[in-house]
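Chains as they are written, first to last, in the numbering used here: chain A, 1 to 534; chain B, 1 to 426.
For each residue, glycine too, the CB sits at the ideal point set by N, CA and C.
Note that the coordinates shown come from a computational prediction; the quantities given were computed from them, not determined experimentally.
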């Protein structure tokens with residue numbers, strides 16, 4: 001059938017077989033003459049893909065049918081299945097995705113076997129998901145998650161693995177062994193691809209809750225472990241350059257984490273410089289975007305000349321996220337008062353810097369160990385007056401049952417409220433404050449162990465450190481020093497950051513849902529350390 | 001007293017009103033005993049041979065106290081210089097020269113952060129900034145004309161600006177405004193060439209006490225006939241300026257078409273100027289179609305002629321060929337130097353009833369005003385000017401001498417000395 005006019009011009013035999021392992025099996029067994037013939041006769045009508053979507057395996061997949069039962073007899077193959085991705089990274093990440101028609105004969109095990117390792121993914125890290133394309137292909141109206149995917153952090157070098165085996169077994173004994181070509185992907189690319197995959201997964205029922213729930217059973221833990229490993233490698237040896245005057249007293253350090261948009265460096269220099277008290281501060285910019293290095297170095301040099309500011313630029317080789325970037329920024333600070341400031345935070349009160357120093361000097365240490373401030377939207381309304389916690393409960397379908405999942409939601413006091421509502425802006429202890437502006441006594445921050453780098457890219461690490469501080473006996477405070485926060489516009493959002501949001505919410509809920517139920521729920525929590533002074 | 005004047009371009013290299021005024025001030029200050037003016041003009045890669053390897057600031061044709069700032073890579077949104085070497089060179093230049101006054105006639109091509117840098121390098125110098133348009137307020141080319149419908153804009157808000165430039169989120173305008181204001185804080189005194197501009201900048205948040213109205217003053221153009229020609233019909237109209245959209249030559253051509261359609265053809269229009277290549281594609285096509293159609297007419301039926309570019313020294317002789325100077329601008333027009341040139345040549349002006357022209361031209365006393373951006377209103381005004389007996393004589397007799405260079409220099413010297421605002425009545 002070679003050269004058939006029905007075959008698309010960009011049809012690729014190898015890619016089609018890789019994307020459709022059952023066809024490859026048919027070709028291998030002689031049932032079909034070629035992938036092209038199969039596509040023309042059946043595949044086009046069945047809606048089978050012949051082009052890979054981004055990140056999908058292009059490596060060849062070879063099927064061996066020699067799967068055998070325990071008694072040695074030859075097992076029949078599954079009715080229909082597909083292995084669509086086997087990706088591995090040098091740092092030990094493994095991503096597997098595919099589907100199987102197991103609506104009536106459940107998947108019993110999915111074994112990944114390679115040189116020196118063998119894991120039953122169903123036991124360590126496997127999630128099922130809805131695949132409407134598979135439903136269409138099978139003509140199935142069943143409410144059944146045909147898709148599967150897994151992520152493992154094996155912590156060992158997988159750079160040179162060319163192929164591995166994926167052994168699929170169903171409860172009836174049916175099975176197949178897939179000899180899969182491995183696509184080797186850089187560690188960060190694999191993490192981002194998997195997070196993007198997660199963000200795009202289809203689910204039955206409440207999509208958000210079901211996506212978070214699928215991280216149970218190992219997936220979430222492996223993703224976090226992999227990200228931590230990446231982060232540790234990237235922060236190990238940063239490029240650090242200091243600008244501006246040496247010497248002089250530094251009473252506070254503003255640490256700004258940059259990602260994607262370089263303009264915030266010169267903007268914050270311009271907006272913070274020259275204000276009362278700011279001469280006793282230093283600026284520390286930590287870049288999570290290596291491609292901006294040259295631009296940031298030039299801008300920092302210019303800004304120091306133009307404004308006379310003391311500043312440090314810390315350049316990282318990749319995106320380590322908010323927590324790790326701030327941790328390393330704080331490590332390079334030259335003062336005992338360290339402040340995490342989002343790039344899109346701007347002074348609303350011209351004397352904010354002096355007020356911040358005065359607040360620290362005047363108040364008891366326990367009220368300034370960790371504190372936030374009221375932040376405002378660009379339209380003038382309140383954006384943040386502290387944070388509190390609620391729980392979202394949702395039923396998630398699992399093996400024909402509805403399982404309750406509680407997810408913690410972090411809310412801001414007074415979001416969108418009029419600017420001068422004293423109940424929202426007055427000094428008081430609060431369950432948490434936003435990471436957009438967090439002022440720490442340095443020794444307290446270090447005693448707490450810094451921000452947790454288990455939160456991928458960003459979100460929830462601010463609430464997490466506040467809860468750890470509270471658990472250690474010192475709640476976060478809000479003090480009335482006012483700044484603007486152009487929320488959500490400081491860095492571009494990507495599918496990977498969307499995926500990370502699911503992982504972070506899963507992790508935060510897993511860590512804190514129980515504690516929050518016990519005295520920290522709602523805008524007026526009962527926790528004794530959060531009783532506001534009148 | 002050393003006065004450093006920063007000009008967006010050198011008028012010998014690139015024509016334009018802002019650089020013309022900066023240059024006139026430089027020349028005028030040279031005549032003042034005890035004052036040493038220094039002229040630093042930005043340039044661009046349009047003349048690449050000016051860029052000498054490794055140099056950031058160079059001399060200009062061996063002329064004393066004239067320098068070129070070899071600008072490069074200036075971000076057009078933030079108006080920020082991206083080359084630290086240029087910044088360092090400017091700082092060195094300042095420290096070497098140690099001017100008492102640094103007078104910016106723009107931040108475009110220099111970078112607005114040079115204001116703060118100047119204050120940083122010379123804490124005691126006096127920084128003066130002259131606005132020639134609204135670029136600090138308006139990211140839409142600084143004209144404060146709404147890109148949504150071409151109407152005039154009288155104030156900026158994040159939502160209004162976002163409507164003009166939808167690809168920029170509202171927060172970006174907030175940041176731009178904050179950034180501009182942060183650097184403009186370094187300025188001791190602002191000046192505007194027309195009083196109405198004060199309202200825009202005050203509403204934007206600049207302190208009223210810092211803004212002074214100083215009109216652009218000029219030397220009279222060369223080649224002005226000793227006395228206006230004695231003739232009956234006053235039916236010759238002239239346009240002088242750039243053929244870019246905001247100067248409104250397209251509006252004038254639309255008015256001509258309307259009159260022709262009405263059957264009124266007893267007049268001529270001479271277009272003087274160039275830079276059609278900087279017009280928008282739509283207006284350029286419109287103008288080119290008009291030119292082509294006009295040239296296919298028999299010579300006796302042609303109304304509009306295109307006289308092309310001219311050197312400032314030719315202004316007088318070009319003005320001598322017309323009776324009325326038409327200023328059809330479709331933006332606020334901060335001053336309109338051409339009005340001064342027309343008045344110096346005793347030519348009444350026909351101009352829109354807004355902004356700088358409305359402030360300068362008094363309707364039916366020294367010129368005629370028509371409804372802003374309204375081709376029909378302009379057509380009716382042209383017709384009236386061409387046919388109404390004695391109107392030209394009446395208006396020509398009402399023309400007062402335009403502001404002089406000497407007057408402008410005197411007012412700036414007063415401002416440099418820390419004098420209070422010199423305000424002209426609106």
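- Boundaries of the alpha helix (DSSP H) harbouring residue 294 (chain A): 293-307, taken from the DSSP string.
- Inside the stretch 354-391 of chain A, DSSP marks whole beta strand (DSSP E) runs of 3 or more residues at positions 370-372 and 382-384, from first to last along the chain.
- From the beta-carbon of residue 178 (chain B), the residues of chain A found nearer than 7 Å are 271 and 346.
- Secondary structure at residue 153 (chain A): strand, using DSSP grouped into helix, strand and coil.
- Rounded to the nearest angstrom, the gap between the Cα atoms of residue 149 (chain B) and residue 164 (chain B) is 9 Å.
- The shortest CA-to-CA distance from residue 285 (chain B) to any of B:253, B:374 and B:333 is the one to B:253.
- DSSP, reduced to helix, strand and coil, places residue 38 (chain A) within a helical segment of the structure shown.
- For residue 310 (chain B), the three-state secondary structure derived from DSSP is coil.
- Residues of the stretch 241-266 of chain A with a C-beta less than 8 Å from any C-beta of chain B: 263 and 266, listed in chain order.
- In the three-state DSSP reduction, residue 380 (chain B) falls in the helix class (H, G or I).
- Contact annotation: in the stretch 284-313 of chain A, residues whose CB is within less than 7 Å of a CB in chain B are 298, 301, 302, 305, 306, 307 and 308.
- Chain A has a Cβ within less than 8 Å of the Cβ of residue 117 (chain B).
- The residues 217, in chain order, have a CB closer than 6 Å to that of residue 404 (chain B) in the same chain once the five nearest residues on each side in sequence are set aside.
- Assignment of beta-bridge partners to residue 485 (chain A) by DSSP yields A:345.
- Taking 8 Å as the upper bound for CB-CB distance, residue 251 (chain B) and residue 378 (chain B) are in contact here, some 6 Å apart.
- In this structure, the CA atom of residue 94 (chain B) is about 37 Å from the CA atom of residue 169 (chain B).
- Taking a Cβ-Cβ threshold of 9 Å, the residues of chain A close to residue 78 (chain B) are 263, 266 and 267, in chain order.
- Between the alpha carbons of residue 128 (chain B) and residue 142 (chain B) lies a gap of roughly 19 Å.
- For residue 138 (chain B), there are no C-beta contacts with chain A under 7 Å, since the nearest C-beta of that chain is about 18 Å from it.
- In the DSSP assignment, residue 407 (chain A) falls within the unbroken beta strand (DSSP E) covering 401-412.
- Short of 8 Å from the beta carbon of residue 81 (chain A), and not among the five residues preceding or following it, lie these beta carbons of its own chain, in chain order: 21, 22, 98, 99, 100, 101, 168 and 176.
- The beta-carbon separation of residue 318 (chain B) and residue 339 (chain B), rounded to 15 Å, does not stay under the 8 Å limit for a contact.
- For the set B:287, B:203 and B:398, the Cα lying nearest the Cα of residue 365 (chain B) is the one of B:398.
- Residue environment for residue 308 (chain B): exposed (fewer than 16 other C-beta atoms within 10 angstroms of its C-beta).
- Taking 8 Å as the Cβ-Cβ cut-off, the stretch 83-100 of chain B approaches chain A at 83, 84, 87, 88 and 91, given in chain order.
- The residues 186, in chain order, have a CB closer than 6 Å to that of residue 119 (chain B) in the same chain once the five nearest residues on each side in sequence are set aside.
- With respect to the 8 Å criterion, residue 306 (chain A) and residue 322 (chain B) are not classified as neighbours on the basis of their beta carbons.
- For residue 378 (chain A), the nearest beta carbon of chain B is closer than 8 Å to its own beta carbon.
- In the assembly as shown, residue 296 (chain B) is an exposed residue. Its beta-carbon has fewer than 16 other beta-carbons within 10 Å.
- Using a Cβ-Cβ cut-off of 8 Å, residue 217 (chain A) does not count as an interface residue toward chain B, since no Cβ of chain B sits closer than that to its own.
- If you compare the alpha carbons of B:355, B:245 and B:400 with that of residue 347 (chain B), the shortest gap goes to B:400.
- Within the same chain, and ignoring the five residues on either side of residue 159 (chain A) in sequence, the residues whose Cβ sits closer than 7 Å to its Cβ are 90 and 184.
- Residues of chain B whose Cβ lies closer than 8 Å to the Cβ of residue 220 (chain A) do not exist; the shortest such Cβ separation is about 33 Å.
- The three-state reading of DSSP puts residue 157 (chain B) in coil, since its state is none of H, G, I, E or B.
- Under the 8 Å Cβ criterion, the stretch 462-472 of chain A does not count as touching the stretch 242-253 of chain A, having fewer than three qualifying pairs.
- Rounded to the nearest whole angstrom, the C-alpha separation of residue 21 (chain B) and residue 90 (chain B) is 22 Å.
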